[in-house]
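So the protein sequences, as listed, match chains A and B.
Here the first sequence is numbered in numbering that gives the first Met the number 0, starting from 0 and rising by one per residue.
Here the second sequence is numbered in numbering that gives the first Met the number 0, starting from 0 and rising by one per residue.
A virtual CB, placed ideally from N, CA and C, is assigned to each residue, including glycine.
Single-structure report; data block below.
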Amino acid sequence: MLTVLLDGVASGMLLFVLACGLSVTLGLMNFVNLAHGAFGMAGGYVCVVLLNRYGVPFLACLVAAALFAALLGAVLERTLYRWLYGRDHLDQVLFSIGLVFMASAVVDWLMGARQQLITLPGWLQGRIEIGGGLATIGVYRLFLIALCGAIVLALHLGLVRTRFGSRLRAAVDDAVVARGLGIPVDRIFAVTFAVGSGLAGLGGALGVEVLGLDPTFPLKYLVYFLIVVAVGGANTILGPFLAALLLGVVDVAGKYYVPEVGAFVIYTAMVVLLLLRPQGLLARGGAR
Amino acid sequence: MSGGGTTLAAAVPARTGQAAQPGRRWGLFAAEGLFWAAWPAAYFAFPDYLPLLSQVAIAALFALSLDLLVGYAGVVTLGHAAFFGLGAYTAGLLAVHGWGEPLSGLAAAAAAAALLGLVTAPLVLRGGELAGLMVTLGLGLMLYEAANKAAAVTGGADGLQGVEIWPVLGLWRFDLFGRTAYLYSLAVLFLMFLLARLIVSSPFGLALRGIRANAWRMHAIGTPVRARLVAAYVLAGAFAGVAGALLAQTTQFVSLEVLAFQRSAEGLLMLVLGGLGRLYGGLIGAVAFMVAHHVLSGVTPQFWQFWIGAALVVLAIAGRGGLLGLLKAVWARLLSRRRGGGSTAQ
């Protein structure tokens, strides 16, 4: 029971790191970016290639994955995404689905369609008992919880305490007024987009062991990302974080206790939550 | 636009205001005639490709149904395959359980899909556009997963086998070469197209276009916006259900793929490729898409997927005129040149 809960928390944390970039683009910038998972996939493959082919240490792989995805995000944002800000949702949907298809095809062509596997370094393997035999948890899950927890804290402090954070919040609350005050809204969004993509890349790399990695990754987890954003709202770190934790626990519990129902639980959860809180989707800031 | 589906002007969006010009009218008439004459001609010209041609007709009907919803009513959906799939399974299951009469199968599929539309419309139209988008995505995935898990009924990942279809109208049985299948699909496509044209040129269709352009204003002049959108959603669902049923009946097999997200996305691509909000847009887009698919996927499947993606990205950035928009621009250029003067028409 406790084991399931802890596993759920770990995968929830992972989901948060993967999805928090999307909560900025979708929730704050009102851009339907269905291609967010592609950045996670890019990070995951960078990690796999570096680790398996070149024997780079695992932690360095994580850093490289995050940097690569951030760079990719920045380049795409400047070259393609910016054309579609403020356009119809239909255009944005088509565009980002197109990106997903292209990304999947390229990865399939380069790496093949099979699941990618990695071998974790020795110090992350095995399980330990906690609470005097009350539950066991994989060392890697514990590592995930610690690392992702640190990221959540850093993001929260970054958003609340730094100058960049307050500018971002201002830009989100009212982009026009923020621009009038001399805040470089475009640049702030671009940087935020890159950071979000980088985090997705990190999440993808961390998730190879937990979520798996193959060319269908962006579509497979799209729903999860959307739920995190939809349920969590957009203007805090805490909202999506709690949503991700909830989702992780429900998902793991569903797979553990009622495996025959499968992904159905998650889709139902998504639809029900959307119906209960359609406004949670845009929270503040977004106009209909 | 009062003459119902029989006026040619119905094919032209009212805003151009040029429908009365005789030259344009005859040009359009010729183009329409050519378009529909090409289908039976293809029957004789490509006897070896009849199964592919049936697929093209079915894809065209699917794109047409999506056009009613996205192009006319302006409701964006990511889960239109749900209706297609439900229609396919309805017709398929009926046939498996001993009722293989094709036309009533189509009707049953349309009814089932319409019912699904009626039940889900309040959910989809409840929140904002974004919420609706995600609800359609979620519903589509739910249905896929449900069909996957209910293997006892649907055959799951192996597909539904043993679909036996009786002869059409008791006269023409489905043959090995797909002759009956193609002509049957074509006839259904044509009839459904006429119905769609009747619908979009009716006051109801005009109301939908008005809602798409400005929902608040339509509300203010007394149009029941909600009811119109629900009706459009149900209607589009029924059309897609018929398309799905056609696929099940002509291939005598239903695979899980009928419900896949890929199908919803491809439908949108066909529509945007051909041109949104014009009935012929979906049809032409479907033809172009299926032909490109046939040619390109012969090389490698990934290659094909890459190019669909690239096409979507380019179309999204470049705008929505699609192939028909391009044709229209060329046509307008030609007309203005023929009148001399070199000045533009506007």
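What does the Cβ neighbour count give for residue i, buried or exposed, with the cut at 16 atoms within 10 Å?
i: A41(A); result: buried
i: T118(A); result: exposed
i: V28(B); result: Note on identity: in this sequence residue 28(B) is Phe, with Val being the wrong assignment. Exposed, by the Cβ-count rule.
i: F45(B); result: exposed
i: D174(B); result: exposed
i: G161(B); result: exposed
i: P101(B); result: buried
i: I198(B); result: buried
How would you list, in chain order, the residues of chain B whose beta-carbon sits under 8 Å from the beta-carbon of residue i?
i: A229(A); result: A130 and M133
i: E76(A); result: Within chain B, no residue comes near E76(A); the closest Cβ sits about 14 Å away, beyond 8 Å.
i: V260(A); result: K148
i: L218(A); result: F260
Against chain B, does residue i count as a neighbour if the rule is that its beta carbon must be under 8 Å from one of theirs?
i: T267(A); result: yes
i: L280(A); result: Model confidence at L280(A) stands at a pLDDT of 45, short of 50, so the residue's coordinates are unreliable; what they give is reported in the following sentence. Chain B contact via Cβ: present.
i: F163(A); result: no
i: V270(A); result: yes
i: F263(A); result: yes
i: L245(A); result: no
i: V222(A); result: yes
i: V257(A); result: no
i: V105(A); result: yes
i: V31(A); result: yes
Starting from residue i, find everything on chain A with Cβ-Cβ shorter than 9 Å and list it in chain order.
i: L267(B); result: L89, V92, L93 and I96
i: L159(B); result: Within 9 Å Cβ-Cβ: nothing; L159(B) doesn't reach chain A, min ~20 Å.
i: M289(B); result: Chain A residues near M289(B): none, gap ~17 Å exceeds 9 Å.
i: V229(B); result: Neighbours of V229(B) on chain A: none; closest Cβ ~16 Å, over 9 Å.
i: L122(B); result: V270, L273 and L274
Does the beta-carbon distance from residue i to residue j come in below 8 Å?
i: L129(B); j: V31(A); result: yes
i: D250(A); j: R113(A); result: no
i: L60(B); j: A244(B); result: no
i: A214(B); j: V229(B); result: no
i: V106(A); j: Y44(A); result: yes
i: I226(A); j: A199(A); result: no
i: F291(A); j: G72(A); result: A query on residue 291(A) cannot be resolved here, the shown segment of chain A reaching from 0 to 287 and no further.
i: G240(B); j: A112(B); result: yes
i: A34(A); j: S95(A); result: yes
i: L13(A); j: V194(A); result: no
i: S184(B); j: S53(B); result: yes
i: G84(B); j: V257(B); result: yes
i: L311(B); j: F100(A); result: yes
i: R178(B); j: L49(B); result: yes
i: R151(A); j: L77(B); result: First, the residue type needs correcting, since residue 151(A) is Val and not Arg in the sequence shown. The answer is no: Cβ separation not under 8 Å.
i: G274(B); j: G324(B); result: yes
i: V253(B); j: Y42(B); result: no
Kindly list, in the order they appear in chain B, the residues whose Cβ is closer than 9 Å to that of residue i.
i: M293(A); result: This structure cannot speak to residue 293(A), because chain A is shown only from 0 to 287.
i: L83(A); result: A315 and I316
i: V251(A); result: The premise fails here: V251(A) is roughly 17 Å from chain B at the closest Cβ pair, so nothing lies under 9 Å.
Here's a check: name, in chain order, each residue in its chain whose Cβ is nearer than 7 Å to the Cβ of residue i, leaving out the five neighbours to either side.
i: A134(A); result: L1, T2 and L5
i: M269(B); result: A58, A62, G281, G284, A285 and F288
i: A72(B); result: L207, I210, R211, L228 and A231
Could you name the residues of the same chain whose beta carbon sits closer than 8 Å to that of residue i, not counting the 5 residues immediately before and after it, in chain order?
i: G155(B); result: A146, N147, K148, A149 and L255
i: V184(A); result: A170, A174, A177 and R178
i: G139(B); result: L77, G78, H79, A80, A81, L258, F260 and S263
i: R336(B); result: none
Going along chain B, which residues have a C-beta under 7 Å from residue i?
i: L225(A); result: M133
Counting only beta-carbon atoms, is residue i nearer than 8 Å to chain A?
i: A315(B); result: yes
i: E256(B); result: no
i: R332(B); result: no
i: L138(B); result: yes
i: V75(B); result: yes
i: F83(B); result: no
i: E144(B); result: yes
i: A109(B); result: no
i: P12(B); result: Any reading at P12(B) must be qualified, since the residue scores a pLDDT of 45, below 50, and its modelled position is unreliable; no value is offered.
Report the neighbours of residue i on chain A: residues whose CB is nearer than 7 Å to its CB, in chain order.
i: A264(B); result: I96
i: V271(B); result: L93
With a threshold of 6 Å on Cβ separation, who are the neighbours of residue i within its own chain once the five nearest residues in sequence on each side are excluded?
i: G231(A); result: G238, P239 and A242
i: Y220(A); result: G36
i: L154(A); result: I236
Name the chain A residues whose beta carbon is nearer than 8 Å to that of residue i?
i: M141(B); result: F263, Y266, T267 and V270
i: L69(B); result: What sits at residue 69(B) in the sequence shown is Val, not Leu. Within 8 Å Cβ-Cβ: L89.
Under 8 Å, Cβ to Cβ, is there at least one residue of chain D near residue i?
i: R277(B); result: Absence of chain D from the displayed structure is noted, the protein chains being A and B.
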